[in-house]
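Asker:
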Amino acid sequence: MGFLNTFLELLGFGIGLPFGLLIGFFLFVYSKPKDTVKDPVVRPLHELDTGALLDILPDIPLWVKCPDYERVDWLNKFLSVMWPYLDKAVCAMIRRTTQSMFAEYIGKYKIQAIEFEHLTLGTLPPTIHGLKVYETNEKDLVMEPAIRWAGNPNIVLVLKLMSLQVTVQLVDLQIFAAPRVALKPLVPTFPCFANIVVSLMERPHVDFGLKILGGDVMSIPGLYRLVQEMIKKKVASLYLWPQTLDIPILDSSTAIIKKPVGILHVKVVRANKLLKADLLGTSDPYVKLNLTGEKLPAKKTTIKKKNLNPEWNENFKLVVKDPESQALQLQVFDWDKVGGHDRLGMQLVPLKVLTPRETKDFTLDLLKHTNISDSRDKKQRGQIVVQLTYVPFREDSIKFSGPLDGNGEMGSVSGRSSPEEEAPLSGAGLLSVMVQGAEDVEGKRHHNPYALVLFRGERKRTKTIKKTRDPRWNEEFQFTLDQPPLRELIRIEVMSKRKGFSFRSKESLGHVEIKLDDVVYNGRINQKYHLIDSRNGVIHVEIRWSTV
1 MGFLNTFLEL
11 LGFGIGLPFG
21 LLIGFFLFVY
31 SKPKDTVKDP
41 VVRPLHELDT
51 GALLDILPDI
61 PLWVKCPDYE
71 RVDWLNKFLS
81 VMWPYLDKAV
91 CAMIRRTTQS
101 MFAEYIGKYK
111 IQAIEFEHLT
121 LGTLPPTIHG
131 LKVYETNEKD
141 LVMEPAIRWA
151 GNPNIVLVLK
161 LMSLQVTVQL
171 VDLQIFAAPR
181 VALKPLVPTF
191 PCFANIVVSL
201 MERPHVDFGL
211 KILGGDVMSI
221 PGLYRLVQEM
231 IKKKVASLYL
241 WPQTLDIPIL
251 DSSTAIIKKP
261 VGILHVKVVR
271 ANKLLKADLL
281 GTSDPYVKLN
291 LTGEKLPAKK
301 TTIKKKNLNP
311 EWNENFKLVV
321 KDPESQALQL
331 QVFDWDKVGG
341 HDRLGMQLVP
351 LKVLTPRETK
361 DFTLDLLKHT
371 NISDSRDKKQ
381 RGQIVVQLTY
391 VPFREDSIKF
401 SGPLDGNGEM
411 GSVSGRSSPE
421 EEAPLSGAGL
431 LSVMVQGAED
441 VEGKRHHNPY
451 ALVLFRGERK
461 RTKTIKKTRD
471 PRWNEEFQFT
481 LDQPPLRELI
491 RIEVMSKRKG
501 FSFRSKESLG
511 HVEIKLDDVV
521 YNGRINQKYH
531 LIDSRNGVIH
541 VEIRWSTV
């Protein structure tokens, strides 16, 4: 009986299984489902309830939620087209960067080699969900893109340990970040910015899978969260604001605009045995002095009439920007009432031979020109005696903690406790005024604006920009002072001048008077000022005070 029951069960299973599969196939092919799949209902955001809005809120682009973020579909299209080429370029850079890092571990822990078996960022480019651009008074361009990247990279790293090969694969990479990207400084050399400075404004979200020898180690309980926290802390310590990642674009020698670093004090003492340039056997000498590499007008001594051994004892101050490459150029001329002035001789003194803050006397033989190897220049042209002192600016700016008191005297100084620390306040320095530009300056008869800088009786002028209400000058003027300009004003006027002769050729477009106390207190101001006597005019001025 037992054998018969077993036989019947096997027979029923053998007949029922094919028969059941056949019936199921026909039912699947020819039957029609009663409940068809419906398309999702698309509804405007204002019709959704609170719960539905909260569910979709993280996926809404920033340009929808924040009005100061711009929609950048064009930039996403650009990334989509360029991604295959960017992928290769970035991967090549990663290989070059990691090559030296991997080399440090060769030979340690019995590691024989570390290399990439596969390295590609995949076919899915990052998506920018919005772009915010900041307007600043500095010479830079600051942007904050909201970046999301759910990529499909194929990154396989192979570690050779003795006779064993260990493969480490990165999969399912997701990165959500909001970096701040600054292009600075802006310079007149293509691509018009010297560096890219990147910093993270908040901790990024990084999610990925990690396979070792084909097994997903991130599925180990507790390991996933531990790795996430380690990555966030490491990235935050490196690039979370105010930490930055600086990427140089242009060479510093061509990109950086040199700023003043010190003052050269020149005392022209006398000259001896100068050439006879006049018909009566005398000369009317004077000295022109300037620094090489500067476009500023040369400074001049007084003219000593009919004197081949003149004594001047006159002092001058020249602004130094590069003491390693600049030189003082001295030229002695014979003054003529009619015609050009004859050069009696010249000489150069490199600034690198000077010791800072030490006065040095020079007795220089005058030459015809700077080519000292010229065998024809054997004529004795006399000598000139000068005293030179190079005084560099202080590296630390002097910043005062409080304004002037009611009596017009200085308030307390931050961190000042001794007379030695107060001494730099009474020292000489350089006042640099950068007139960058103006906006909405409107004249009644013409629009050819230029700016005038008036300070201590000196009058300096920018170039004229024709037919514009938004001129950009970017011109710097310098004033060497013996004392800080406390309780003083600097006046800047915006004028317009009509070309040709006219009874009303000049017209005032507005002016501003700036107190210089804040410049002395802080070392620098960079602001836009509304012009007085102008409807909407604004002028952008940067002023620096550097002490020696």
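full-length UniProt numbering numbers the first residue of the sequence shown as 1 and each following residue consecutively.
Using N, Cα and C, we set each Cβ at its ideal position, and we do this for glycine too.
Being a predicted model, the structure only gives us computed values, none of them experimental.
Among A451, G107 and G457, which residue has its Cα nearest to the Cα of L161?
Answerer: When each option's Cα is compared against that of L161, the closest is G107.
Asker: What number of angstroms, rounded off, separates the C-alpha of L250 from the C-alpha of L183?
Answerer: Answer to the nearest angstrom: the Cα atoms are 12 Å apart.
Asker: So L186 and G151 are supposed to be a Cβ contact under 8 Å. How far apart are they, rounded?
Answerer: Their Cβ separation, rounded to whole angstroms, is 33 Å, which puts L186 and G151 out of contact at 8 Å.
Asker: Quick one: grab the DSSP three-state call for R381.
Answerer: In this structure, R381 counts as coil in the three-state DSSP scheme.
Asker: Which residue wins for smallest C-alpha separation from A271, given the options E117, T468 and Q387?
Answerer: Nearest C-alpha to A271: Q387.
Asker: Assuming V435 and E475 make a contact with CB atoms under 8 Å, what is their CB distance in whole Å?
Answerer: That pair is a contact at about 6 Å.
Asker: State yes or no: is the C-beta of V156 within less than 8 Å of the C-beta of F116?
Answerer: Yes, Cβ-Cβ distance for V156 and F116 is below 8 Å.
Asker: Within its chain, find whatever has a CB closer than 6 Å to the CB of L240; leave out the 5 residues flanking it on each side and keep chain order.
Answerer: Cβ neighbours of L240 beyond the five flanking positions: L200.
Asker: Counting C-beta neighbours from all protein chains within 10 Å, is the total for G429 16 or more, i.e. buried, or is it exposed?
Answerer: Flag for G429 reads buried.
Asker: Report the three-state DSSP secondary structure of D517 (helix, strand or coil).
Answerer: In this structure, D517 counts as helix in the three-state DSSP scheme.
Asker: With respect to the alpha helix (DSSP H) encompassing I106, which residues constitute its N-terminal and C-terminal limits?
Answerer: Counting along the chain, I106 falls outside any alpha helix (DSSP H), and DSSP gives it neither H nor E.
Asker: Give me the residue from D342, R472, R456 and Q380 with the minimum Cα distance to E513.
Answerer: It is R456.
Asker: What did DSSP end up calling E542 once you bin it into helix, strand or coil?
Answerer: It is a strand residue.
Asker: Taking buried to mean at least 16 other C-beta atoms within 10 Å of its own C-beta, is K304 buried or exposed?
Answerer: Flag for K304 reads buried.
Asker: According to DSSP, which residues form a beta bridge with N307?
Answerer: None, per the DSSP bridge assignment.
Asker: Put F102 into one of helix, strand or coil per three-state DSSP.
Answerer: DSSP places F102 in helix when its eight states are reduced to three.
Asker: How long is the line joining the alpha carbons of V548 and D518, rounded to whole angstroms?
Answerer: Those two C-alpha atoms are separated by around 18 Å.
Asker: Let me know if W74 comes out buried or exposed under the rule of 16 or more other beta-carbons within 10 Å of its beta-carbon.
Answerer: When all chains shown are included, W74 counts as exposed.
Asker: Three or more C-beta pairs closer than 8 Å, one from the segment 480-487 and one from the segment 461-471: is that the case here?
Answerer: No contact exists between the segment 480-487 and the segment 461-471.
Asker: What do you get for I384, buried or exposed, if any count of 16 or more other CB atoms within 10 angstroms of its CB means buried?
Answerer: Buried, because 16 or more other Cβ atoms sit within 10 Å of the Cβ of I384.
Asker: Between N522, P449 and R491, which has its C-alpha nearest S505's C-alpha?
Answerer: Closest option to S505, Cα to Cα, is P449.
Asker: Check for me: the alpha helix (DSSP H) holding V235 runs from which residue to which?
Answerer: Per DSSP, V235 belongs to the alpha helix (DSSP H) from L223 to Y239.
Asker: Quick one: measure Cβ to Cβ for V320 and L291, integer angstroms, because I've assumed they're closer than 8 Å.
Answerer: Their Cβ separation, rounded to whole angstroms, is 7 Å, which keeps V320 and L291 in contact under 8 Å.
Asker: Near P242, what residues of its chain come up, given a Cβ to Cβ distance below 8 Å and the 5 sequence neighbours on each side ignored?
Answerer: S199, listed in sequence order.
Asker: So, are the CB atoms of H265 and V391 less than 8 Å apart?
Answerer: It is a contact, given that the beta carbons lie within the stated cut-off.
Asker: Could you spell out where the beta strand (DSSP E) holding V64 opens and where it closes?
Answerer: Looking at the DSSP string, V64 is not in any beta strand (DSSP E); the run it does join, the alpha helix (DSSP H), is L62 to K65.
Asker: Pair every Cβ in the segment 341-361 with every Cβ in the segment 211-229, then say whether three or more of these pairs are closer than 8 Å.
Answerer: The answer is no - the segment 211-229 does not touch the segment 341-361, with fewer than three Cβ pairs under 8 Å.
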